[in-house]
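Residues -33 to -1, 1 to 418 (mature numbering (1 follows the signal peptide of the UniProt record, and there is no 0)) are what the sequence shown spells out, left to right.
Where a beta carbon is used, it is the ideal one built from N, C-alpha and C, also for glycine.
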Amino acid sequence: MFPTRSRRKGAPLLPLRFLTTWSLLVSSTTTLALSTIHNSKYQCPSSPPPALTPHQLLSASCLRPIPGSLTETLFSNSSSHITPWTHAPVCELTNGLTGQYCTYTNSHHGHRGFSLVTTPSRAADVASWFLDLPLPKPSDGAEGEKYKVVTIPGKGKGVIATKEIKQWEEIILDYATLVVDVGFTVEVNALRGYRLLHKAVEQMGDGGNGVMELGKSSEHAQDVVENVLRTNAFSTRVGEGDYMAVYPTVSVSLVFPTGLLNRGKKSKMLTTHPSSAYTRFIQESLQVSIAASKPISPGEEITISYLTLGKTSSERAHLLKKWGFTCSCPLCTSPPSTIAASDARRKEIAKLQDLAIRAFQANKPYQALRLTRQILPLLPKEELFPLESEQLENMSRIYFVLNDMDKAEKYARLSLEVLARQGYIKWVEGWMVGKMFRRFEEEEGPRGVRY
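1) How many Å lie between Glu376 and Glu357 at the Cα?
2) Taking the CB atoms as reference points, tell me whether Ala128 and Ser264 lie closer together than 8 Å.
3) I'd like to know if the stretch 165 to 172 and the stretch 284 to 304 are in contact, where contact means that at least 3 CB-CB pairs between them fall below 8 Å.
4) Identify which residue in Trp96, Ser185, Val191 and Pro101 has its Cα closest to the Cα of Val178.
5) Skipping 5 residues on each side, what residues in its chain have a beta carbon closer than 6 Å to that of Leu145?
6) Answer with buried or exposed for Asp321, where buried requires no fewer than 16 other C-beta atoms within 10 angstroms of its C-beta.
7) Quick check: the Cα distance between Tyr114 and Gly175, rounded to an integer number of angstroms?
8) Can you name, in chain order, every residue of its own chain whose Cβ lies under 6 Å from the Cβ of Gly80, other than the five neighbours on each side?
9) Using the rule of at least 16 other Cβ atoms within 10 Å of the residue's Cβ for burial, across every protein chain shown, is Ala307 buried or exposed?
10) Asp373: buried (16+ other C-beta within 10 angstroms of its C-beta) or exposed?
11) Could you pull out every residue in the same chain whose Cβ sits closer than 6 Å to the Cβ of Met403, ignoring the five residues on either side in sequence?
12) Smallest Cα separation from Thr246: which of Leu359, Val116 and Phe352?
13) By the three-class DSSP mapping on this structure, what secondary structure does Gln189 have?
14) Determine the DSSP secondary structure at Asp92, reduced to helix, strand or coil.
15) Could you work out which residue in Arg313, Ile132 and Asn370 is closest to Leu354 when comparing CA atoms only?
16) What does the alpha-carbon distance come out to for the pair Asn194 and Trp398?
17) Residues bridged to Ala244 by DSSP?
18) Under the DSSP definition of a beta bridge, which residues are partnered with Phe327?
19) Around the Cβ of Arg270, are there at least 16 other Cβ atoms within 10 angstroms (buried) or fewer (exposed)?
20) So what does DSSP say about Val155, is it helix, strand or coil?
21) How is Tyr366 classed by DSSP in three states: helix, strand or coil?
22) Could you check which residue in Thr275, Val149 and His78 has the C-alpha nearest to that of Ser202?
23) What number of angstroms, rounded off, separates the C-alpha of Thr(-4) from the C-alpha of Gly66?
24) Does the distance from the CB of Ser218 to the CB of Leu181 come in under 8 Å?
25) Spatial neighbours of Leu383 within its chain, please: CB distance less than 6 Å, with the 5 preceding and 5 following residues excluded, ordered by chain position.
26) Do the CB positions of Ala258 and Glu137 come within less than 8 Å of each other?
27) Using beta-carbon positions only, say whether Lys331 and Gln134 come within less than 8 Å of one another.
28) Who pairs with Ser356 in a beta bridge, going by DSSP?
29) Note down the Cα distance separating Glu409 from Val368, rounded to an integer number of angstroms.
30) What would DSSP say about Ser202, mapped onto helix, strand or coil?
31) Looking at Leu100 and Leu147, is the spacing between their C-beta atoms short of 8 Å?
32) Could you give the first and the last residue of the continuous beta strand (DSSP E) run that contains Val147?
33) Taking the alpha carbon of Leu274 as the point to measure from, which residue in Leu140, Lys130, Pro51 and Cys299 has its own alpha carbon closest?
34) When the Cα of Gln250 is compared with those of Ser309, Phe97 and Pro87, which residue comes out closest?
35) Of the residues Glu315, Val84, Asn62 and Arg337, which one's Cα is nearest the Cα of His54?
36) Can you give me the start and stop residues for the beta strand (DSSP E) that Glu59 sits inside?
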């Protein structure tokens, strides 16, 4: 998307450190173009996470967690004090002793439970949203229905399809079970921080087994839960805050397999590009799924790209060094001439994106449109389909500021239809287009004024 002065940035790679003892968190993130679409009727003042489908209004005001003793039931009898937490908050002071971070747990959430580590005020902001989260089921993403783990010669363990899988079809679905506020890693010292992390894990419905059994490959971690976070956490947003989220099923089955722990070896399902599957983050419900990016036949290996899309061969090789393995995907093992042609297209896409942004910011909308149109036909050639919706939204934005509302709506709907086809949203509704236009107006000013 075109950046603007007022535009909220997507979640970056997040620093994970207790004071100076933790370094960069190994994380992956996907920021959807429509992450700000929601139904404002149900929005609390401090903006809990948005949803693409309306919530049920649970209370006339924002719901707040109840501090104090452990409740006997999931909720209190007072509708104004509904709480999703089954345990009393356990808190630790910040370094300046002026604030605190606490762990909030619902051990009844799905078959694993759920723990959130954040400040009391932020926990209060997301309490009503948590009540609307979909309830995980043990069968979600279970091995056997669509895939199985096998030994692949020369690669170690791998994942292969057990049935015909259609393009865009979901292969595995997982839910966050441990979510940690990034501010916690900076504002709480190591001893207190480790203590709180262990409490968050121990209070889960499965006793923390789903988290503690995950891979641990960090050479810098000083604590076992820290190691789990460093190895497995994805960066995400909850409300207005940046968080780390752990998805155990995805981590075990697909993303952080045991092969990754052995430096220099290839790991199951990891590749750079092209891949047969992709990761879909649904941030408003803390879900992540692995879906097919192309039709997959029974017995075919399922792979996902482990790097940011659009990187050239040299950039991919450099980024993969920290994982200690060499990619053997079809693209990376292609003849030099094929790799060179791919690199040239990717450089052209990056160049066009940069020029389009510069043109838009320099009040040259027609030049920005021309450049964006040149990007779209290059994306399929490099299988960069997740970028298609973003470029279509960019075109809608340009037409919006030009006050050409027919074309603005056309490209807004095309952008939404791509997201629906790829499984990021269930369907396209008219209010989504309206929300997109209101966002454009907030960020660019009233239509027709800028140009």
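Judging by the given coordinates:
1) 15 Å
2) yes
3) no
4) Nearest of Trp96, Ser185, Val191 and Pro101 to Val178, Cα basis: Val191.
5) Ser82, Val178 and Val213
6) exposed
7) Distance between Tyr114 and Gly175, taken at the CA atoms: about 26 Å.
8) Ser74, Met171 and Gly172
9) Ala307 should be labelled exposed.
10) Label assigned to Asp373: exposed.
11) Ala379
12) Selected option, being the one with the closest Cα: Phe352.
13) DSSP places Gln189 in coil when its eight states are reduced to three.
14) If DSSP states are grouped into helix, strand and coil, Asp92 belongs with the helices.
15) Among Arg313, Ile132 and Asn370, the Cα nearest to that of Leu354 belongs to Arg313.
16) 43 Å
17) According to the DSSP secondary-structure assignment, Ala244 is paired through a beta bridge with Ala259 and Ile271.
18) None, per the DSSP bridge assignment.
19) Arg is not the amino acid found at residue 270; the sequence shown has Thr there. Classification of Thr270: buried, given that the 10 Å Cβ count is 16 or more.
20) coil
21) helix
22) The option with the nearest alpha carbon to Ser202 is Val149.
23) With a pLDDT of 31 at Thr(-4), under the threshold of 50, the modelled position of that residue is not reliable, and no figure is offered here.
24) Judged by beta-carbon spacing, Leu181 lies within the 8 Å limit of Ser218, meaning their Cβ atoms are closer than that value.
25) Setting aside the 5 residues that flank it on each side, Leu383 is surrounded in the same chain by Val395 and Met399, each with a C-beta closer than 6 Å to its C-beta; the list follows chain order.
26) yes
27) no
28) Ser356 pairs with nothing; no bridge assigned.
29) Looking at the two C-alpha atoms, the distance is approximately 11 Å.
30) strand
31) Strictly speaking, residue 147 in this sequence is Val, with Leu absent from that position. Against a cut-off of 8 Å, the Cβ pair of Leu100 and Val147 comes out as no contact.
32) Leu145 to Asp148
33) Cys299
34) Phe97
35) Val84
36) Val57 to Leu60
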